[in-house]
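Taken in order, the sequence shown gives residues 859 to 938; the numbers are from our numbering. Beta carbons: idealized from backbone N, C-alpha and C, even for Gly. To keep things clear, I will list the structure first and then write my remarks on it.
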Amino acid sequence: MRPLASSSWLWKKSGRLIGAQILAPEAGEMIQTAVLAIRNRMTVQALADQLFPYLTLVEGLKLCAQTFSKDVKQLSCCAG
């Protein structure tokens, strides 16, 4: 799995995802989840609460959403 080169997320004050930008060779595998979240007006918390397969690229969306309510140091991917 190649590392994500860059990602940007825009969230409204309401907590809803309003846009996503992913720059990576595997971006096509991740962007569809962001599109579904935008079309269904999901909140950051709703996205963070979703179940995603472990060790897949799309799991990064969940981790990104979790950073809005948790300290990054508390996430399993970033403990150290």
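- Contact annotation: alanine 906 and glutamine 924 have beta-carbon atoms nearer than 8 Å.
- Beta-bridge analysis with DSSP links arginine 874 to Thr901.
- Leucine 875 and glutamate 887 have their C-alpha atoms roughly 18 Å apart.
- Counting other Cβ atoms within 10 Å of its Cβ, valine 902 reaches 16 or more and is therefore classed as buried.
- Under the three-state reduction of DSSP output, lysine 920 falls in the helix class.
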